[in-house]
Amino acid sequence: MPSATYEPELDTTRPFRIRWTRDDCARFERDGLLTPGKYELIEGDILKSMGQNRAHINTVMTFIRWLFGMFGEEFVQGPGPIDVSLEDNPTSEPEPDAVVLSKPLSAFQTRNPRPDDIRLLVEISDATRYFDRGTKANLYARAEIVEYWSLDLVQRKLHVHREPRDGKYQRVTMHGEDESIASLATPESAILVSALLPPIKAE
Numbered sequence: 221m222p223s224a225t226y227e228p229e230l231d232t233t234r235p236f237r238i239r240w241t242r243d244d245c246a247r248f249e250r251d252g253l254l255t256p257g258k259y260e261l262i263e264g265d266i267l268k269s270m271g272q273n274r275a276h277i278n279t280v281m282t283f284i285r286w287l288f289g290m291f292g293e294e295f296v297q298g299p300g301p302i303d304v305s306l307e308d309n310p311t312s313e314p315e316p317d318a319v320v321l322s323k324p325l326s327a328f329q330t331r332n333p334r335p336d337d338i339r340l341l342v343e344i345s346d347a348t349r350y351f352d353r354g355t356k357a358n359l360y361a362r363a364e365i366v367e368y369w370s371l372d373l374v375q376r377k378l379h380v381h382r383e384p385r386d387g388k389y390q391r392v393t394m395h396g397e398d399e400s401i402a403s404l405a406t407p408e409s410a411i412l413v414s415a416l417l418p419p420i421k422a423e
């Protein structure tokens, strides 16, 4: 008599997930449950901002000083919120480390910079480097932000994302600290990646 084969049923039920919105976060801030600048809203998830170490803080300031020299202080936003695509905007409000704007900061008194206001976007990455090059890169590509730089402090490499199309960056290049790179916005002004990185700690 042939034996019966038992195949267990697969549980395809997805875990329950609440997708938070900007309106939710604004209400939480009013109620004292969230502190502005201490979290990011990314694809419906409220992400607590990680404490920044000294290398991260210093690198952000180094990058911003360089951007000031290239574009002028009035066209550079430090860490702060931006808008993304119309589809993602209700559930995402990222706060990149630096943004180069096509308009002066004074133009953004009551609203965030929108994707078409952004010439270059920068994230300084250590513990979040894979998230920044994955989830965030796709979020920025869907918004058609023309150029996104992710500086990896662990591997000491700069990842340059360009040509957003169909929700992905079609051209992604990696540059070591001995290589030079220029933004699309200032192709005549290159900088060594090492000049943007913190010094290597002495053994």
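According to my numbering, the stretch in the sequence shown is residues 221 to 423, in order.
Where is the CB? At the ideal position from N, CA and C, for every residue including glycine.
Check, Outcome
"Cα-Cα separation between Q375 and T279, rounded to whole angstroms", "14 Å"
"Pairwise C-alpha distance: D386 and E307", "14 Å"
"According to DSSP, residues forming a beta bridge with P384", "Y389"
"Beta strand (DSSP E) runs contained entirely in the segment 313-399, provided each spans 3 or more residues", "318-321, 338-345, 367-372, 377-385 and 388-396"
"A405 versus A347, A363, S370 and V319, residue with shortest Cα-Cα distance", "V319"
"Proximity to S322 [Cα-Cα], best of R339, F236 and I365", "R339"
"Assumed close pair E263, T311 - CB separation to whole angstroms, cut-off 8 Å", "6 Å"
"Alpha-carbon spacing of A327 relative to F295, whole angstroms", "10 Å"
"Residue interval of the beta strand (DSSP E) (run including D265)", "D265 to K268"
"Simplified DSSP state of V296, which is helix, strand or coil", "strand"
"Residue burial classification, K356 (beta-carbon count within 10 angstroms, cutoff 16)", "buried"
"Proximity winner among Q272, A275, A402 and N358, relative to P314 (alpha-carbon distances)", "N358"
"F283 burial status per 10 Å Cβ neighbour count (16 or more: buried)", "buried"
"Residue from D303, W369 and E293 whose Cα sits closest to the Cα of E260", "D303"
"Neighbour-count burial assignment, A361, 16 or more Cβ in a 10 Å radius", "buried"
"DSSP bridge partner residues for L412 (one or two, in chain order)", "S400"
"Under the three-state DSSP convention, the category I302 falls into", "coil"
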